[in-house]
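To start, the structure under review is shown below, and the notes come after it.
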Amino acid sequence: MPKYAFAGVDLEGRRVTGTQKAPSRGDAEVALYQRDLRDLRVTEKRSILQYEISGPRIKKEEVMHLSRQIAAFLRAGLPILDAVHSIGAESENSSVRRMMHDIEDGLRVGERFSETLERYPKVFPEFYRGIVRSAELTGELDTVLSRLAVYLERDIEARRKIKSALMYPIAVAAMSVVTVLVLAVYVLPKFEDFFVSLDAELPLPTRILLGTTRFLGNWWWAIAGGLAAATLAFLVSQRFERGKYAWHAFLMKVPVLGETIQYALVERFCRVMASMVAAGVNLPEAIRVATDSLRNRVFVKRLNGVTEQMLEGQGLAGPLARTRLFPGTATAMLRVGEETGSMDTQLEVTAEYYEDELDYKINKLTALFEPIVIIVMGGIVGFVAVALVSAMYGIFQQVEI
6 MPKYAFAGVD LEGRRVTGTQ KAPSRGDAEV ALYQRDLRDL RVTEKRSILQ YEISGPRIKK
66 EEVMHLSRQI AAFLRAGLPI LDAVHSIGAE SENSSVRRMM HDIEDGLRVG ERFSETLERY
126 PKVFPEFYRG IVRSAELTGE LDTVLSRLAV YLERDIEARR KIKSALMYPI AVAAMSVVTV
186 LVLAVYVLPK FEDFFVSLDA ELPLPTRILL GTTRFLGNWW WAIAGGLAAA TLAFLVSQRF
246 ERGKYAWHAF LMKVPVLGET IQYALVERFC RVMASMVAAG VNLPEAIRVA TDSLRNRVFV
306 KRLNGVTEQM LEGQGLAGPL ARTRLFPGTA TAMLRVGEET GSMDTQLEVT AEYYEDELDY
366 KINKLTALFE PIVIIVMGGI VGFVAVALVS AMYGIFQQVE I
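Under this note's numbering, the first residue of the sequence shown is numbered 6, with each subsequent residue one higher.
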């Protein structure tokens, strides 16, 4: 049976703490209330084993479902406190359950919902918390939470498409590498002994192959050390701003891949901006939060001056165009939003447009990546096969002579 740690006050005003076993948090609160304890704060107590199994991390899918559930409860007229309590009581994920109980405790002592989310910055990003904060002021929390759920769902779907698209070429590359390693480590050394015993002159492809495998066999430790050092140097460089900027700039200059990354960031920027502007967040704050959500140092650096230019009366589309990061179509759409006063709608339209363009770019990237992997790995395996067959053929010819 689960244990719950509690803190409360008895009828004489003394503070009491301890643990209570109960099937659920609600049952624990009832049992403690029957013991004449008031001002209760009850949290689920977990062992080290439970901590390591469940872990403190909450996935983006869980946040999406939470947003959708709370929005549905609020739309049905249920108070936010009851909505959070119901979700926490019914959740099968222990991390989510503990988080919702903590949020419930905060609501009980008078905190706003947005204030309780501040305790979980890794679970709820800054743009999420900012939108919820504005929605509480406008009284549209249910609508905004529904929009956030849709945004998170689209973001999850985009990531899923990229992962599934890369799965096949990565599997082909892995299998090809394993095949070559098996040939190099187990098959070729036996063939080399056979060739040496016959004292036959080997063709050039076979000599190249045997020399390569001999080099890999003798110097594998140096190659592995070099790869480890290069990986360590890269990881260390990513801890510094200049290293991150250089890496992001390099990725954006890679053909096809760079344009795919650009479209993904433009779509994310417009989607976050649309959600925040629709929730009543002012444009400068929306730009700041949307920029921080990108995490791409090239975009962040070039977008830093957009707010200042906008406050000087230059609008939004013009400064974004001068960053040379936003395609002409995007800035044209946003310029229409400025002229017609429908910026939130145009931001949403732009995000949807680049979401479709991103799907096309991902398909194009994988369509290009797959044949490259197959050709390269097929070439390596084919070269190994040609080297072995030509050697055998040459030996048979020399034996016949």
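The C-beta atom is built at its ideal place from N, Cα and C for all residues, glycine as well.
Closest by C-alpha distance to residue i, when choosing among the options
i    : options                : result
Y250 : A33, G263, V303        : V303
L316 : R300, T296, E290       : E290
E264 : K369, K195, F220, Y38  : K369
L270 : P324, Y359, P210, S395 : Y359
P376 : I175, R19, V21, A163   : I175
Residues near residue i in its chain [Cβ-Cβ closer than 7 Å; skip 5 each side]
i    : result
T184 : V386
S280 : I136, R152, L153, Y156
A88  : I75, F78, L79
V177 : V378, I379, M382
Three-state secondary structure (DSSP) of residue i
i    : result
G13  : strand
G399 : helix
R62  : coil
K306 : helix
Y56  : For Y56, the predicted structure reports a pLDDT of 44, less than 50, and the residue's modelled location is therefore unreliable. A value from the coordinates is still provided. Helix at Y56.
G23  : strand
V259 : coil
V286 : coil
Local Cβ density within 10 Å of residue i, reported as buried at 16 or more and exposed below that
i    : result
A322 : buried
M180 : exposed
D41  : exposed
E97  : exposed
M4   : The structure shown does not extend to residue 4, since the chain spans only 6 to 406, so no value can be given for it.
E109 : buried
L209 : exposed
Contacting residues, own chain, Cβ-Cβ under 6 Å from residue i (five flanking each side not counted)
i    : result
T334 : none
F132 : V277, V294, S298
S139 : A284, G285, V286
R73  : A154
Any non-hydrogen atom of the ligand GTP closer than 8 Å to residue i Cβ
i    : result
E357 : No copy of the ligand GTP appears in this structure; indeed no ligand is present at all.
Nonlocal neighbours in the same chain, by C-beta distance under 8 Å from residue i, ignoring five residues either side
i    : result
I161 : K65, E66, M69
R134 : S119, L122, E123, P126
I266 : L256, M257, N301
L37  : F11, G13, Q25, L45, V47
Segments of 4+ residues assigned as alpha helix (DSSP H) that fall wholly inside the segment 144 to 209: If we require 4 residues or more, the alpha helix (DSSP H) runs fully inside the segment 144 to 209 come out as 146 to 187, 193 to 203.
Uninterrupted beta strand (DSSP E) stretches inside the segment 317 to 402 (no shorter than 3 residues): Complete beta strand (DSSP E) runs here, min 3: none at all.
Ranges of the alpha helix (DSSP H) found wholly within the segment 102 to 136, counting only runs of at least 4: Entirely contained in the segment 102 to 136, the alpha helix (DSSP H) runs reaching 4 residues are, in chain order, 118 to 122.
Start-end ranges of the alpha helix (DSSP H) lying completely within the segment 216 to 271, minimum 4 residues: 246 to 258, all fully within the segment 216 to 271.
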